[in-house]
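Asks: Got a structure here, written out as structure tokens. Questions coming.
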Ligand SMILES: [Zn+2]
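In this note's numbering, the protein residues as written are 906 to 1124.
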């Protein structure tokens, strides 16, 4: 296996587009660090291996629930499974800075679509690196455009749909406030643009603002 390759292609053509969780991996700067430690360890004479997982709810490949930015919004446990299972379209973004309405206008985005954006973020195995401040994000204008279009789900290939210096709050509010479910932290490096079948299942955290998820795509 090449170092840094997170995706695996499984049976029936499914591509794993989630990133591996490991201690010390990149996370949003003000979120808690990722720690995965054996608290029972067979190498130390315990009868089994059992680990403690400690991480923020918006780490690695994960989802945002409306509750992340909307007071009284739905939590992760209220997500309709149809939000993340079924047809999804991977759109390749040319803009090296952000996703803008002008570029989206060429793609004929329709009501109810699940849209995943493949940007240059996916080319750099971001989950193996330190935090990248200038990742490609969804501009607030594009977030409002997607909300007007009535898309169902939006996925991105870095830790946040919004930017680090700008449009962090605005983009989240525009998408989550419109009832759009958000997948973040995808690895789309081995996925071609176009129509796919998506399965992405976040942990069922009661009233969770977000949760880690496993995500798969199939042509
Ligand atoms: Zn988010």
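Idealized CB from N, CA, C, for every residue including glycine.
For residue 1117, count neighbouring Cβ atoms within 10 angstroms of its own Cβ and tell me buried if that reaches 16, exposed if not.
Replies: buried
Asks: For residue 907, count neighbouring Cβ atoms within 10 angstroms of its own Cβ and tell me buried if that reaches 16, exposed if not.
Replies: Unreliable placement is indicated for residue 907, whose pLDDT of 43 sits below 50; the coordinate value is still reported in the next sentence. Classification for residue 907: exposed.
Asks: Express the C-alpha separation of residue 1003 and residue 1048 in angstroms, rounding to a whole number.
Replies: 11 Å
Asks: Take residue 947 and list the residues in its own chain whose beta-carbon comes closer than 7 Å to its own, dropping the five residues that flank it on each side.
Replies: 953, 954
Asks: My understanding is that residue 1086 touches residue 1057, with C-beta atoms under 8 Å, so please give their C-beta distance in whole angstroms.
Replies: 7 Å
Asks: Along the chain, which unbroken stretches of the beta strand (DSSP E) at least 3 residues long are found entirely within the region 941-976?
Replies: 955-959, 967-969
Asks: Looking only at C-alpha atoms, which of 1031, 1091, 942 sits nearest to residue 1106?
Replies: 1091
Asks: From 1103, 1037, 1007, 1036, pick the residue whose C-alpha is nearest to that of residue 992; which is it?
Replies: The shortest C-alpha separation from residue 992 is found at 1103.
Asks: Count the other CB atoms within 10 Å of the CB of residue 1067; is the residue buried (16 or more) or exposed (fewer)?
Replies: buried
Asks: Between the Cα of residue 1030 and those of 958, 916, 1045, 922, spot the shortest distance and give me the residue it belongs to.
Replies: 922
Asks: Find out if the Cβ-Cβ distance for the pair residue 898, residue 933 is shorter than 7 Å.
Replies: With the chain covering 906 to 1124 only, the question about residue 898 has no answer from this structure.
Asks: What does the alpha-carbon distance come out to for the pair residue 945 and residue 1024?
Replies: 41 Å
Asks: Alpha carbon to alpha carbon, how far is residue 1028 from residue 1124? Give it in angstroms, no decimals.
Replies: 20 Å
Asks: What does residue 994 pair with, by DSSP beta-bridge criteria?
Replies: Bridge partners of residue 994: 1020, 1100.
Asks: State the DSSP-derived secondary structure class of residue 907, mapped to helix, strand or coil.
Replies: Low confidence applies to residue 907: its pLDDT is 43, below 50, so where it sits in the model is not reliable enough to give any reading.
Asks: What do you reckon, are the CB atoms on residue 943 and residue 956 nearer than 7 Å?
Replies: yes
Asks: Does the Cβ-Cβ distance between residue 1114 and residue 960 come in under 7 Å?
Replies: No, Cβ-Cβ distance for residue 1114 and residue 960 is not below 7 Å.
Asks: Which residue comes first and which comes last in the alpha helix (DSSP H) that contains residue 1047?
Replies: 1045-1054
Asks: Leaving aside the five residues before and after residue 1054 along the sequence, list all residues of the same chain whose C-beta is less than 6 Å from its C-beta, in chain order.
Replies: 1014
Asks: Which partner residues does residue 1080 have in the DSSP bridge list?
Replies: Answer is none; residue 1080 lacks a bridge partner.
Asks: What do you get for residue 965, buried or exposed, if any count of 16 or more other CB atoms within 10 angstroms of its CB means buried?
Replies: That one is buried.
Asks: Identify, in the order they occur along the chain, each residue of the same chain with its Cβ nearer than 6 Å to the Cβ of residue 1043, setting aside the five sequence neighbours on each side.
Replies: Result list for residue 1043: 1004, 1066, 1076, in chain order.
Asks: How far does the beta strand (DSSP E) with residue 1008 in it extend, from its first residue to its last?
Replies: Element bounds for residue 1008: not the beta strand (DSSP E) but the alpha helix (DSSP H), 1006-1009.
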